[in-house]
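Engineer: Encoded as C-alpha coordinates, here's the structure I'll be asking about.
Numbering (full-length UniProt numbering), first residue to last: 1 to 156.
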(Lines of atoms letter the chains of each structure in order from A and count residues from 1; the text may use other names and numbers.)
(Lines give C-alpha, C1' and ligand atoms only; values in the text may rest on other atoms or scores of the structure.)
Protein backbone atom coordinates (compact mmCIF):
# COMPACT_ATOMS: atom_id res chain seq x y z
CA UNK A 1 0.00 0.00 0.00
CA UNK A 2 2.79 2.45 0.89
CA UNK A 3 4.47 1.81 -2.47
CA UNK A 4 1.18 2.41 -4.33
CA UNK A 5 0.67 5.64 -2.41
CA UNK A 6 4.20 6.86 -3.24
CA UNK A 7 3.67 6.04 -6.93
CA UNK A 8 0.33 7.88 -6.90
CA UNK A 9 1.96 10.95 -5.32
CA UNK A 10 4.79 10.90 -7.87
CA UNK A 11 2.30 10.58 -10.73
CA UNK A 12 0.13 13.41 -9.36
CA UNK A 13 3.25 15.56 -8.97
CA UNK A 14 4.32 14.91 -12.59
CA UNK A 15 0.84 15.80 -13.82
CA UNK A 16 0.78 19.00 -11.77
CA UNK A 17 4.18 20.09 -13.13
CA UNK A 18 2.99 19.42 -16.69
CA UNK A 19 -0.28 21.25 -16.03
CA UNK A 20 1.53 24.36 -14.73
CA UNK A 21 3.89 24.46 -17.73
CA UNK A 22 1.09 23.97 -20.24
CA UNK A 23 -1.09 26.64 -18.66
CA UNK A 24 1.74 29.14 -19.17
CA UNK A 25 1.62 28.32 -22.92
CA UNK A 26 -2.18 28.58 -23.21
CA UNK A 27 -3.23 31.04 -25.92
CA UNK A 28 -6.90 30.68 -24.99
CA UNK A 29 -9.34 32.09 -27.50
CA UNK A 30 -6.94 34.76 -28.82
CA UNK A 31 -6.16 32.61 -31.88
CA UNK A 32 -9.43 30.73 -32.11
CA UNK A 33 -10.92 31.10 -35.59
CA UNK A 34 -9.29 34.40 -36.52
CA UNK A 35 -10.64 36.43 -39.42
CA UNK A 36 -8.10 35.17 -41.93
CA UNK A 37 -8.78 34.33 -45.56
CA UNK A 38 -8.65 30.59 -44.88
CA UNK A 39 -11.34 28.24 -46.13
CA UNK A 40 -11.91 26.44 -42.81
CA UNK A 41 -10.34 25.89 -39.47
CA UNK A 42 -9.41 22.60 -37.86
CA UNK A 43 -8.29 21.43 -34.45
CA UNK A 44 -6.29 18.48 -33.19
CA UNK A 45 -6.18 16.94 -29.74
CA UNK A 46 -2.78 16.26 -28.23
CA UNK A 47 -3.83 13.57 -25.72
CA UNK A 48 -1.27 13.23 -22.92
CA UNK A 49 -1.22 10.38 -20.45
CA UNK A 50 1.23 8.84 -18.01
CA UNK A 51 2.55 5.36 -18.69
CA UNK A 52 5.01 3.89 -16.22
CA UNK A 53 5.33 7.38 -14.72
CA UNK A 54 6.37 9.01 -18.01
CA UNK A 55 4.23 11.32 -20.17
CA UNK A 56 3.16 9.86 -23.52
CA UNK A 57 1.23 11.23 -26.51
CA UNK A 58 -1.49 9.33 -28.34
CA UNK A 59 -0.97 9.32 -32.11
CA UNK A 60 -2.86 7.74 -35.00
CA UNK A 61 -2.10 6.47 -38.48
CA UNK A 62 -4.61 7.69 -41.07
CA UNK A 63 -6.49 4.95 -42.93
CA UNK A 64 -5.07 3.93 -46.32
CA UNK A 65 -8.31 4.61 -48.19
CA UNK A 66 -8.52 8.29 -47.19
CA UNK A 67 -8.25 10.79 -50.02
CA UNK A 68 -6.02 13.21 -48.12
CA UNK A 69 -2.80 12.11 -46.39
CA UNK A 70 -3.41 8.33 -46.24
CA UNK A 71 -1.03 6.46 -43.96
CA UNK A 72 0.29 9.60 -42.27
CA UNK A 73 0.91 9.74 -38.54
CA UNK A 74 -1.16 12.45 -36.87
CA UNK A 75 -3.08 13.52 -33.81
CA UNK A 76 -6.83 12.91 -33.67
CA UNK A 77 -8.56 15.92 -35.16
CA UNK A 78 -10.20 17.47 -38.18
CA UNK A 79 -12.26 20.27 -39.64
CA UNK A 80 -14.59 22.36 -37.57
CA UNK A 81 -18.31 21.93 -38.11
CA UNK A 82 -21.28 24.18 -37.44
CA UNK A 83 -22.08 22.22 -34.27
CA UNK A 84 -18.69 23.10 -32.73
CA UNK A 85 -18.73 26.19 -30.52
CA UNK A 86 -14.92 26.45 -30.57
CA UNK A 87 -11.66 24.64 -31.33
CA UNK A 88 -11.90 22.59 -28.16
CA UNK A 89 -15.28 21.21 -29.27
CA UNK A 90 -13.80 20.37 -32.68
CA UNK A 91 -10.81 18.53 -31.21
CA UNK A 92 -12.94 16.58 -28.72
CA UNK A 93 -15.60 15.65 -31.29
CA UNK A 94 -12.99 14.43 -33.75
CA UNK A 95 -11.14 12.41 -31.07
CA UNK A 96 -14.41 10.68 -30.21
CA UNK A 97 -15.12 9.95 -33.90
CA UNK A 98 -11.61 8.71 -34.67
CA UNK A 99 -10.48 6.79 -31.58
CA UNK A 100 -13.58 6.51 -29.37
CA UNK A 101 -12.32 8.94 -26.71
CA UNK A 102 -15.31 10.29 -24.76
CA UNK A 103 -15.03 14.09 -24.38
CA UNK A 104 -15.84 13.87 -20.68
CA UNK A 105 -12.72 11.70 -20.20
CA UNK A 106 -10.42 14.52 -21.41
CA UNK A 107 -9.14 17.17 -19.03
CA UNK A 108 -8.49 20.03 -21.45
CA UNK A 109 -5.48 22.03 -20.29
CA UNK A 110 -4.78 24.56 -23.01
CA UNK A 111 -4.81 25.59 -26.64
CA UNK A 112 -1.48 26.24 -28.32
CA UNK A 113 -0.65 28.68 -31.11
CA UNK A 114 -2.32 27.45 -34.32
CA UNK A 115 -0.44 26.73 -37.50
CA UNK A 116 -1.37 26.53 -41.16
CA UNK A 117 -1.20 23.05 -42.66
CA UNK A 118 -0.20 21.95 -46.16
CA UNK A 119 -3.70 22.59 -47.55
CA UNK A 120 -3.81 26.16 -46.18
CA UNK A 121 -6.05 25.31 -43.24
CA UNK A 122 -5.67 26.81 -39.76
CA UNK A 123 -5.05 24.03 -37.22
CA UNK A 124 -5.33 24.69 -33.48
CA UNK A 125 -3.64 22.20 -31.13
CA UNK A 126 -5.64 21.45 -27.97
CA UNK A 127 -3.74 19.75 -25.14
CA UNK A 128 -5.59 17.46 -22.76
CA UNK A 129 -4.85 14.78 -20.19
CA UNK A 130 -6.47 11.38 -20.56
CA UNK A 131 -6.46 8.43 -18.18
CA UNK A 132 -3.75 5.82 -18.62
CA UNK A 133 -6.48 3.18 -18.73
CA UNK A 134 -7.98 4.55 -21.98
CA UNK A 135 -8.46 1.82 -24.59
CA UNK A 136 -8.73 3.28 -28.08
CA UNK A 137 -11.38 2.01 -30.49
CA UNK A 138 -10.14 3.19 -33.88
CA UNK A 139 -12.75 4.06 -36.50
CA UNK A 140 -11.50 1.96 -39.46
CA UNK A 141 -12.88 4.50 -41.95
CA UNK A 142 -10.44 7.10 -40.59
CA UNK A 143 -7.72 5.40 -38.52
CA UNK A 144 -5.69 2.27 -39.17
CA UNK A 145 -3.64 2.33 -35.97
CA UNK A 146 -3.39 4.04 -32.57
CA UNK A 147 -0.12 4.11 -30.64
CA UNK A 148 1.60 5.96 -27.80
CA UNK A 149 4.99 7.68 -27.90
CA UNK A 150 6.94 8.93 -24.88
CA UNK A 151 6.99 12.73 -24.87
CA UNK A 152 10.76 12.68 -24.35
CA UNK A 153 11.12 11.23 -27.88
CA UNK A 154 10.12 14.65 -29.27
CA UNK A 155 12.37 16.58 -26.91
CA UNK A 156 15.66 14.79 -27.64
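Backbone N, C-alpha and C fix where the C-beta goes; we use that ideal spot for every residue, glycine too. Values in this document were obtained by computation on a predicted structure and should not be read as measured data.
Around the C-beta of residue 113, are 16 or more other C-beta atoms found within 10 angstroms, so that it is buried, or is it exposed?
Structural biologist: Numbered from 1 along the chain shown, position 113 holds the residue referred to as residue 113. The residue is exposed, with fewer than 16 neighbouring Cβ atoms inside 10 Å.
Engineer: If distances are taken between C-alpha atoms only, which option among 70, 45 and 19 comes closest to residue 145?
Structural biologist: Along the chain shown, one-based indexing puts residue 145 at 145. Among 70, 45 and 19, the Cα nearest to that of residue 145 is on 70.
Engineer: Is it the case that the Cβ atoms of residue 40 and residue 121 are separated by a distance below 9 Å?
Structural biologist: Indexing the chain shown from 1 puts residue 40 at position 40. Indexing the chain shown from 1 puts residue 121 at position 121. Their beta carbons are under 9 Å apart, which means residue 40 touches residue 121 by this criterion.
Engineer: Quick one: which unbroken alpha helix (DSSP H) runs of 4-plus residues sit fully inside the UniProt domain "Nudix hydrolase" (39-156)? Chain order, please.
Structural biologist: Taking only runs of at least 4 residues, the alpha helix (DSSP H) segments lying wholly in the UniProt domain "Nudix hydrolase" (39-156) are 87-99 and 152-155.
Engineer: Exposed or buried, residue 42, counting other C-beta atoms within 10 Å across all chains shown (16 or more means buried)?
Structural biologist: Translated into the one-based positions of the chain shown, residue 42 becomes position 42. So residue 42 counts as buried.
Engineer: Closest by CA to residue 130, which one among 49, 20 and 45?
Structural biologist: Position 130 of the chain shown holds residue 130. It is 49.
Engineer: Roughly how many whole angstroms lie between the Cα atoms of residue 142 and residue 25?
Structural biologist: The sequence position of residue 142 within the chain shown is 142, counting from 1. The sequence position of residue 25 within the chain shown is 25, counting from 1. Distance between the alpha carbons of residue 142 and residue 25 is about 30 Å.
Engineer: Residue 46 and residue 127 look like a contact to me (Cβ under 8 Å); what is the Cβ gap, rounded to whole Å?
Structural biologist: Looking up residue 46 in the chain shown gives position 46. Looking up residue 127 in the chain shown gives position 127. Yes, they are in contact, since the Cβ atoms of residue 46 and residue 127 sit about 5 Å apart, within 8 Å.
Engineer: CB-CB under 8 Å to residue 149, same chain, minus the five flanking residues each way: which ones, in chain order?
Structural biologist: Working through the chain shown from its first residue, we reach residue 149 at position 149. Only 56, 57 and 59 meet the Cβ criterion.
Engineer: With respect to 8 Å, is the separation between the Cβ of residue 105 and the closest non-hydrogen atom of the ligand NAD below this value?
Structural biologist: Ligands in the displayed structure: none, and consequently the ligand NAD is not present.
Engineer: Cα-Cα, which of 64, 87 and 14 is closest to residue 160?
Structural biologist: Examination of residue 160 is not possible in this model, given that the chain is present from 1 through 156 alone.
Engineer: Check residue 26 in the structure and name its three-state DSSP category.
Structural biologist: For the purposes of this step, residue 26 is taken as residue 26 along the chain shown, with counting starting at 1. Residue 26: coil per DSSP, three-state reduction.
Engineer: Between the beta-carbon of residue 19 and the beta-carbon of residue 109, is there less than 9 Å?
Structural biologist: For the purposes of this step, residue 19 is taken as the residue at position 19 of the chain shown. For the purposes of this step, residue 109 is taken as the residue at position 109 of the chain shown. Contact: yes.
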